[in-house]
Structure formats: C-alpha cells, structure tokens
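Residue numbers (the working numbering): 20 to 423.
Backbone N, C-alpha and C fix where the C-beta goes; we use that ideal spot for every residue, glycine too.
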C-alpha cells in the first residue's frame, strides 16, 4: 500500500515541477501604450493676476475727516464726479476772512487812486475853489487899479497893495495843491496794492483747500476700489478710490523661468477664474514678454502681459486667475504618453516591444502637452512602449503586453 502512496506522491511532485517550470517560462505582464499620430497642442499652464488696462488712483492731498461718500464700489462715474467730500468748515471760514480783507484793501486802494480819503479831499478841493475865485478877483482888482494909476486917477501905493493881495492868493493856491498831493504818496499806493494782493492770495489758497476737499474721479470708469466711508480720517497720500475701464483687462501672467522660452508674442491665452459664479473662459493674446525674472514666493518667474476682453465686467481687478498659454500646435505628430519617456544611462528613450521581448530605444522628443510627448525620431507609429510599473525592466525579457 505504501508503494502506491509513494508513486502518487512522486507523480504529484513531478506535476508540480512541470507546472512550476511552465509558470517560470511564461511572459511577464506589463502595461503598454501605442505610439499614435495626432495633432499635438502644447499648452503652458500657470497663474496670473487681473488688473484694469486703464486705471487711475485717487489719493488725498491733505488731512481731514470725510463727511460724505455719495458713491459705491461698482458705480460707473464720469471724470470729475464727486467721490467723497471732506470737511471744509475751517477753509470756508478762512475764505470769508480773506474776502473781507480783500474788500477792505480794495477800498483803501480806490481811496489812494482818488488821491486820498473823500472827506479830506473834498475839503481841500473846496478850499482850492475858493482860493482860485479869490485869486481871480484879486487879479481883476489889480488890473483895474493899474489902469487908474496909469491915468493918474489912483495912487501907486494902491496898485502895490492890489499886487500883494494877488500874490498872496497865488501862494495860497500853491499851498493847497501841495497839501492835496501830500495826501497820497507812492509808498501809500504800494502798501495798498500789497494788501490787495495778500488778501487775494489768502482767498485763492482757501478756495484751493475747499476744492481739494472735494475728492473727484480722476477719469471716467468703474469704481473698483473705495477705501473711505463717512467719518474716515485721511492723511496726505491716503488712498481714496481706484477708477478704471473694466471692459478690457490686463493679466500679468507669472511664467516660471524654465518655461519662458516657450512663450512668444501673439500666442493665444485662455483665462479661467475659480471664483466665477459661472464657468467661463476669457481669451486674449500675449502682448509683452518678460523683461526680467523676479522671485515670487518660492518661484523665479517672469511677468508676461496679455490683454483680454471683459465686456460683461465679470472678471474683477485683483482676481487670481488660471492661465493657459497655447505655446505650439504640431499637426501629424507622433506621440506617446509622457510617463513612458525614461532616462537610462544618460539617454532619453523608451522600453519598446519587439515581438515578445522588450528592447531599449533611444528617442528624440519635441513639444509636449500635459499628458503626451512628441517623438521626433527613434520610434514608429503603432509601436508599443512600456508604461511605468514598480517592477524594473531589462532588455531581452519576454513580455506580454497589456493595453489599458
């Protein structure tokens, strides 16, 4: 009986050995993909920030408290529209004082222009009129007496007295005229004119202060930043509002330094915004390449500028956006999955299927998309390339290809 058991055991061992031999000689299974011909679109994915293409900031020119703010963010305003009114009571008081001083100074200047104060001038003019009348009477009397003396009808002494009275009247007139001129000097005119100019300057300064308290829109457009409210206190240089045209936007695209060589003028740019209530794309073109490379966080980036149309004004200034730049389009490109490309012994290549065995193929690649890479040489359409696995590959191993 035990002999039969031994025979059965030996048969089972032999069968297991055969199965183990057959199993060890079966090809290993690996995932593969075929090289295909297609149009390859190479896109560069990055991020950017939106801002108005045309905009202007309004800042306070002086200190003060904000009294009223008659507008809101999102309002469309014309140039010169009132955005905020600062308190002006002090400046208005200064203006009233300056205007009163100016009226007083002008009145003084008019008095100077007339030759002096009205009462004094009127008195001198009255005395002058009387002195001229007396002088004329003395002249006539002197002439009459002189004729009588010539006819020997009057004594010469009477003629001398008449001439003295005439000279006295002339001297009186000269004295009054000098007094009239002495009422106003050149210095009086200069002082009066200076007082007028000083008052006018003070009034103009007060008007300017009042005008600067009216914070006006620097351009026509949409208010997209409003930094004040009634009761806010402003210092010189403080931000009041930003106004811009939002129907066209500029996007500052941050391109990592190694990718800058893929960007060219005129390339198509597609913008998306995660915060948008509706899934929407905005399109534009690259208009300016990076002029420098600067650190942004942990990245070294160049700023590429593009312009997009925003007719609905639903992309807002300051938005952090997703950017896709179409860097190249290659028709009839031979492509493989990006992950099939490997680096072995300082060579770029793929593990390709040759019959039932695997072989190393060195390849030269071209442009890439997010998932696929163009193979320029070293591979033909329809050939299979190995996809990554945890098991190492080596040349000559029998393979059974599995295509996902």
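Taking its Cβ as the centre, do 16 or more other Cβ atoms sit within 10 Å of residue i, making it buried, or is it exposed?
| i | result |
| --- | --- |
| residue 403 | buried |
| residue 422 | exposed |
| residue 161 | buried |
| residue 220 | exposed |
| residue 174 | exposed |
| residue 55 | exposed |
| residue 51 | buried |
| residue 67 | buried |
| residue 329 | buried |
| residue 269 | buried |
| residue 183 | exposed |
| residue 415 | exposed |
| residue 359 | buried |
| residue 390 | exposed |
| residue 417 | exposed |
| residue 321 | buried |
| residue 297 | exposed |
| residue 294 | exposed |
Distance, Cα to Cα, residue i vs residue j?
| i | j | result |
| --- | --- | --- |
| residue 309 | residue 338 | 20 angstroms |
| residue 405 | residue 265 | 51 angstroms |
| residue 240 | residue 318 | 35 angstroms |
| residue 43 | residue 292 | Only weak support exists for where residue 43 lies, its pLDDT of 46 falling under 50; the value from the coordinates is given anyway. Approximately 55 angstroms between the Cα atoms of the pair. |
| residue 94 | residue 88 | 12 angstroms |
| residue 426 | residue 105 | Missing from the structure shown is residue 426; the chain here goes from 20 to 423 and no further. |
| residue 176 | residue 122 | 60 angstroms |
| residue 81 | residue 331 | 36 angstroms |
| residue 163 | residue 191 | 22 angstroms |
| residue 420 | residue 375 | 8 angstroms |
| residue 378 | residue 348 | 31 angstroms |
| residue 216 | residue 116 | 14 angstroms |
| residue 333 | residue 351 | 39 angstroms |
| residue 410 | residue 392 | 23 angstroms |
| residue 171 | residue 178 | 11 angstroms |
| residue 395 | residue 413 | 24 angstroms |
| residue 399 | residue 408 | 23 angstroms |
| residue 165 | residue 158 | 10 angstroms |
| residue 150 | residue 189 | 8 angstroms |
| residue 83 | residue 233 | 11 angstroms |
| residue 57 | residue 356 | 12 angstroms |
| residue 187 | residue 168 | 21 angstroms |
| residue 69 | residue 340 | 7 angstroms |
| residue 361 | residue 306 | 36 angstroms |
| residue 316 | residue 272 | 15 angstroms |
| residue 382 | residue 363 | 11 angstroms |
| residue 447 | residue 214 | Examination of residue 447 is not possible in this model, given that the chain is present from 20 through 423 alone. |
| residue 325 | residue 223 | 46 angstroms |
| residue 242 | residue 262 | 5 angstroms |
| residue 386 | residue 49 | 27 angstroms |
| residue 282 | residue 401 | 32 angstroms |
| residue 53 | residue 47 | 18 angstroms |
| residue 98 | residue 280 | 42 angstroms |
| residue 365 | residue 354 | 22 angstroms |
Who pairs with residue i in a beta bridge, going by DSSP?
| i | result |
| --- | --- |
| residue 314 | 319 |
| residue 353 | 56 |
| residue 238 | DSSP output for residue 238 lists no bridge partner at all. |
| residue 154 | Partner(s): none; residue 154 has no beta bridge. |
| residue 220 | Looking at the DSSP assignment, residue 220 forms no beta bridge with any residue, so it has no partner. |
| residue 243 | Answer is none; residue 243 lacks a bridge partner. |
| residue 377 | 372 |
| residue 387 | 392 |
| residue 441 | Only positions 20 to 423 of the chain appear in this structure, which leaves residue 441 out of reach. |
| residue 324 | 271 and 307 |
| residue 104 | 87 and 233 |
| residue 252 | 84 |
| residue 417 | 376 |
| residue 226 | According to DSSP, which records beta bridges pairwise, residue 226 is partnered with nothing at all. |
| residue 341 | 66 and 291 |
| residue 261 | 76 and 244 |
| residue 95 | 241 |
| residue 348 | 60 |
| residue 403 | 53 |
ask   = Looking at C-beta atoms only, is the number of pairs between the region 258 to 272 and the region 70 to 85 that lie closer than 8 angstroms three or more?
value = Touching, yes.
query = Enumerated in chain order, which unbroken segments of the alpha helix (DSSP H) with a length of 4 residues or greater are wholly contained in the region 45 to 88?
reply = For the region 45 to 88, not a single whole alpha helix (DSSP H) run of length 4 or above is found.
ask   = Counting Cβ pairs, one atom from each stretch, are 3 or more of them under 8 angstroms apart for the region 342 to 351 and the region 283 to 297?
value = Flag = yes, the region 342 to 351 and the region 283 to 297 touch.
request  = Would you check if the region 50 to 62 and the region 269 to 277 touch, i.e. whether three or more CB-CB distances between them fall below 8 angstroms?
outcome  = Touching, no, given that fewer than three Cβ pairs across the two stretches are closer than 8 angstroms.
inquiry  = Check whether the region 245 to 252 and the region 310 to 330 are in contact - that is, three or more C-beta pairs closer than 8 angstroms.
reply    = Because the criterion of three Cβ pairs below 8 angstroms is not met, the region 245 to 252 and the region 310 to 330 do not touch.
task = Return the chain-ordered ranges of every beta strand (DSSP E) run that is complete within the region 273 to 310 and spans a minimum of 3 residues.
result = For the beta strand (DSSP E) assignment, the uninterrupted runs of no fewer than 3 residues enclosed by the region 273 to 310 are, from N- to C-terminal side, 287 to 291 and 301 to 307.
key: Contact between the region 293 to 302 and the region 360 to 372 (3+ Cβ pairs under 8 angstroms)   = Inter-segment contact for the region 293 to 302 and the region 360 to 372 is absent: fewer than three beta-carbon pairs are separated by less than 8 angstroms.
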